[in-house]
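Have a look at the structure below before the remarks.
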Amino acid sequence: MSTSSLTRSLRRARDGVGVAGTGRPPDARPRRVLTPRTLTMLALVLPSIILVLLLNAYPVLYAGVQSIRDGDLISVGDFVGFANYESVLSDPVFWQAARFTLVFTLVGVFGSWAMGMSLALLLRRRIPAGNVFKVLLLLPWVVPVVVSATSWNWLVATPQSPLPILAEALGFGRVLFLANPLLAQITVCVFKVWISFPFMMMMMGAALASVDNNVYEAARVDGASGAQLLRTMTLPLTAKSTYISWILMTIFCVNDFPTVFLLTGGGPVDSTQTLVVQAYRTVFLDFETGPGVAIAFLMTIVLVVISVVLYRRVRKVEIE
Amino acid sequence: MSAATVPATSPRATSRRPIATEAELKGRWWRFAVLLVVTAITIVPIAAVLYLSTQPALGSTVTAPFTLENFTNVFSGTNVLLWLQNSMTVTLITVAIAVAVAAPAGYVLSRGRSKLVGGYSLLLFVIQSLPIVTAVIPLFILFARLNLVDSLTGVTIVYVGSTMSVAIWMMAAYYDSIPISLEEAAWMDGVSVFGGFVRIVLRNSLPGVLSTAIFAFLLAWNDYLIATVFLRSDYNYTLPVGVQTFFQQNSTNWGLVMAVAVVMMLPPVIVFGVLNKYFSVGGIGGSLAGK
């Protein structure tokens, strides 16, 4: 990274965090408000602003309005105060979904990270057919979820599926992967890890590639063991990428709809229902728009807070 | 590899080399074995799709162990070709618009000095962290009034909206890697800001553009939620929604389903296979890191 772009990203970082002044470089000319440069920049960014306001900001704000009304998919309905929130928050199904969302996210983030990081470490050094492995291992992430969910269903869903037959042959008795609530939860989590680990593998692979190999050579010559190297060097040196990959994966997991919906539909008895699935089902299958939007909007508020905090932390880490 | 990079003249390296090489070799085969097992288990579900798609369907007269009749049946007897066309249209238009809008916007995010730019960047980050469900419900109501429900146009618009924030970030992250001195030199020569963006920065950003395009492609092609909410009639379905109709019978004809699944997964696999050297998830994460 060149010095000039480093300064620039530092400046951007400061702007993002809003600390310690504007950080304007010493060579900056005094600014007029509407210079040709400003106008050009405005023209370049304007289409995206219009789209973002119309397709992202407006719907979210509208959802806020809907969540305090008793409307449906056609009309806005009457103002009902916080009735929707009250009914949602007093519903045990919501709390069950919230709990499973938490479990699903934790397993998804750390499971996929552990697997992706391990594979990235394995693939880091030269290995026979290394590139073939890399490409094959990326497939779960590239293949559409609809396809993989179909395939997983075929593999596990009914007693006649291959995996239950295998389990029975191995003496585990009748294993109903998607009919038993706990097993269904485990299956959904494993499915999520299977889909997500390639993303982690790519991110951590990129992070490992940027670590200077000489550092390792030096440590190894000094007699450090593999485990020591991992703990004292690899993990700290890739800590920032790890942190960012966790943030992104948390967002992916919390917002994930198809993984759960296509494999189990949220069942059995709502055991694998996440908040997103519950919001979808409440609005589009039960036609209760108000409570459904309230669920989605509760998630939105929590995610806005979390993402603003995380954004600032990431930017701050960079300055230090 | 590591042993070979140490200069042979170093006495320490020479004395250690035989041991290191042996350990290295041993470690290499050990890693290979682990990778082989993990990869084999990992791709079982994908191999199953390929295998089942070539197996004779229920009640089929084909006795060969391997057949392509599922594919011919799927293309001649169902709407799959139409859905494939719908998926393609929606995806390609999404990619085109996403890149066309995000490429200039990313430039502003990368080079802008104003505090407003920082605010916009934060706004985009917050937006990409929100569940699509939240936006889908109000958009459904809005689109119902505009006659955009059950229309491919409507779905395309929603896709464009949901790619926008990440696409802009990815473009900005790529521009960050292009030294600003190139544009400054051009400005000195009297090139306008816009000219500098197009002729200097954009022209050198093919990997960034491709990365963003792949991202938008995967998002639109693989989407299930938006399509299932907005598309109502069979002839408007995209592949992910269309294939669900195959499950409505009591006994699913897995051969047909898997043939459609193969059709569905080929485009992203090909796109990713051909272009993956341009794609770095670093683009998504790197933008966060300000790399």
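For the protein sequence lines, the chains are C and L, in the order given.
Start counting the first sequence at 1; every next residue gets the next number (my numbering).
Start counting the second sequence at 321; every next residue gets the next number (my numbering).
Yeah, the Cβ is synthetic: ideal placement off N, Cα and C, and Gly gets one too.
Quick caveat: nothing in here was measured; it's all calculated off a predicted structure.
Tell me which residue opens and which closes the alpha helix (DSSP H) that residue i is part of.
| i | result |
| --- | --- |
| Ser196 (chain C) | Pro181 to Ala209 |
| Phe460 (chain L) | Ile452 to Arg465 |
| Gln66 (chain C) | Tyr58 to Gln66 |
| Val561 (chain L) | Leu559 to Gly562 |
| Glu217 (chain C) | Asn213 to Val221 |
| Glu86 (chain C) | Ala83 to Leu89 |
| Leu39 (chain C) | Pro36 to Val52 |
| Lys597 (chain L) | Per DSSP, Lys597 (chain L) belongs to no alpha helix (DSSP H) and is neither H nor E. |
| Glu389 (chain L) | Glu389 to Gly397 |
| Arg99 (chain C) | Pro92 to Leu106 |
| Ile165 (chain C) | Pro162 to Ala169 |
| Asn406 (chain L) | Val400 to Arg431 |
| Gln228 (chain C) | Gly226 to Leu229 |
| Tyr495 (chain L) | Leu472 to Asp496 |
| Tyr544 (chain L) | No alpha helix (DSSP H) contains Tyr544 (chain L), which DSSP labels as neither H nor E. |
| Ile447 (chain L) | Lys435 to Gln448 |
| Glu504 (chain L) | Ile500 to Met508 |
Comparing alpha-carbon positions, which option in the options lies nearest residue i?
| i | options | result |
| --- | --- | --- |
| Leu230 (chain C) | C:Ile186, C:Ser67 and C:Ala120 | C:Ala120 |
| Leu522 (chain L) | L:Ala384, L:Ile498 and L:Leu459 | L:Ile498 |
| Pro258 (chain C) | C:Thr242, C:Val269 and C:Gln278 | C:Gln278 |
| Phe460 (chain L) | C:Ile50, C:Ala63 and C:Cys253 | C:Ala63 |
| Val308 (chain C) | L:Arg348, L:Pro376, L:Leu443 and L:Ala420 | L:Leu443 |
| Thr187 (chain C) | C:Phe261, C:Phe82, C:Phe94 and C:Ala129 | C:Phe261 |
| Ala321 (chain C) | C:Leu54, C:Val143, C:Arg37 and C:Val276 | Because chain C is modelled from 1 through 320, residue 321 (chain C) falls outside the range shown and cannot be assessed. |
| Trp152 (chain C) | L:Phe592, L:Phe445, L:Trp574 and L:Val469 | L:Trp574 |
| Asn524 (chain L) | L:Pro458, L:Asp470, L:Phe592 and L:Tyr495 | L:Tyr495 |
| Gly426 (chain L) | L:Leu559, L:Leu539, L:Thr532 and L:Thr362 | L:Thr532 |
| Cys189 (chain C) | C:Gly111, C:Asn56 and C:Val76 | C:Gly111 |
| Asp91 (chain C) | C:Ala294, C:Met41 and C:Ile306 | C:Ala294 |
| Tyr193 (chain C) | C:Asn56, C:Thr289 and C:Leu138 | According to the sequence shown, residue 193 (chain C) is Val rather than Tyr. Out of C:Asn56, C:Thr289 and C:Leu138, C:Leu138 has the C-alpha closest to the C-alpha of Val193 (chain C). |
| Ala367 (chain L) | L:Val469, L:Ile477 and L:Val582 | L:Val582 |
Would you mind sorting residue i into buried or exposed? The rule is 16 or more other CB atoms within 10 Å of its CB.
| i | result |
| --- | --- |
| Arg126 (chain C) | exposed |
| Leu576 (chain L) | buried |
| Val410 (chain L) | buried |
| Trp489 (chain L) | buried |
| Lys597 (chain L) | exposed |
| Glu503 (chain L) | buried |
| Met115 (chain C) | buried |
| Thr40 (chain C) | buried |
Is there a C-beta anywhere in chain L that falls below 8 Å from the one on residue i?
| i | result |
| --- | --- |
| Leu37 (chain C) | A quick correction: the sequence has Arg, not Leu, at residue 37 (chain C). Yes, Arg37 (chain C) counts as interfacial toward chain L. |
| Leu137 (chain C) | yes |
| Pro268 (chain C) | no |
| Thr22 (chain C) | With a pLDDT of 49 at Thr22 (chain C), under the threshold of 50, the modelled position of this residue cannot be trusted; read the value that follows with caution. So yes, Thr22 (chain C) belongs to the interface. |
| Ala184 (chain C) | no |
| Val88 (chain C) | no |
| Asn255 (chain C) | yes |
| Gln66 (chain C) | yes |
| Leu73 (chain C) | yes |
| Ala104 (chain C) | Note that residue 104 (chain C) is Phe in the sequence shown, not Ala. So, not an interface residue. |
| Ile165 (chain C) | no |
Give the interface partners of residue i over in chain A, defined as CB-CB distance under 8 Å, in chain order.
| i | result |
| --- | --- |
| Arg351 (chain L) | No chain A appears in this structure, whose protein chains are C and L. |
Quick check: is the beta carbon of residue i nearer than 8 Å to any beta carbon in chain C?
| i | result |
| --- | --- |
| Met408 (chain L) | no |
| Ser330 (chain L) | Because the pLDDT at Ser330 (chain L) is just 42, under 50, the model does not fix this residue reliably, and the value given afterwards should be weighed accordingly. Output row for Ser330 (chain L): interface = no. |
| Trp489 (chain L) | no |
| Ile363 (chain L) | yes |
| Phe463 (chain L) | no |
| Tyr494 (chain L) | no |
| Ile289 (chain L) | No statement about residue 289 (chain L) is possible, as the shown extent of chain L runs from 321 to 611 and does not include it. |
| Pro338 (chain L) | Residue placement at Pro338 (chain L) is flagged as unreliable, the pLDDT there being 45, under the threshold of 50; the coordinate-derived value follows with that caveat. Not an interface residue. |
| Thr383 (chain L) | no |
Could you name the residues of chain C that residue i contacts, counting a contact when the two beta carbons are closer than 7 Å?
| i | result |
| --- | --- |
| Asn542 (chain L) | Pro144 and Val145 |
| Ala368 (chain L) | Ser151, Trp154 and Leu155 |
Cβ closer than 8 Å: which chain L residues qualify as neighbours of residue i?
| i | result |
| --- | --- |
| Gly292 (chain C) | Ile457 |
| Thr101 (chain C) | Residues of chain L passing the Cβ test: none, with the nearest at roughly 11 Å. |
| Thr369 (chain C) | The first residue shown for chain C is 1 and the last is 320, placing residue 369 (chain C) beyond what the model contains. |
| Thr321 (chain C) | Since the first and last residues shown for chain C are 1 and 320, residue 321 (chain C) lies out of range. |
For a contact meaning CB atoms closer than 9 Å, what does residue i contact in chain C?
| i | result |
| --- | --- |
| Val589 (chain L) | Leu139, Val142 and Val143 |
List the residues of chain L whose Cβ lies closer than 7 Å to the Cβ of residue i, in chain order.
| i | result |
| --- | --- |
| Val109 (chain C) | Residues of chain L passing the Cβ test: none, with the nearest at roughly 14 Å. |
| Phe172 (chain C) | Neighbours of Phe172 (chain C) on chain L: none; closest Cβ ~18 Å, over 7 Å. |
| Ala279 (chain C) | Val453 |
| Phe133 (chain C) | Leu355 and Thr359 |
Residue i touches chain L at which residues, Cβ-Cβ below 9 Å?
| i | result |
| --- | --- |
| Tyr85 (chain C) | None at all; the shortest Cβ gap to chain L is about 15 Å. |
Quick one: list the residues of chain C neighbouring residue i, beta-carbon separation under 8 Å, in chain order.
| i | result |
| --- | --- |
| Trp403 (chain L) | Here the premise fails: no neighbours, minimum Cβ distance about 12 Å. |
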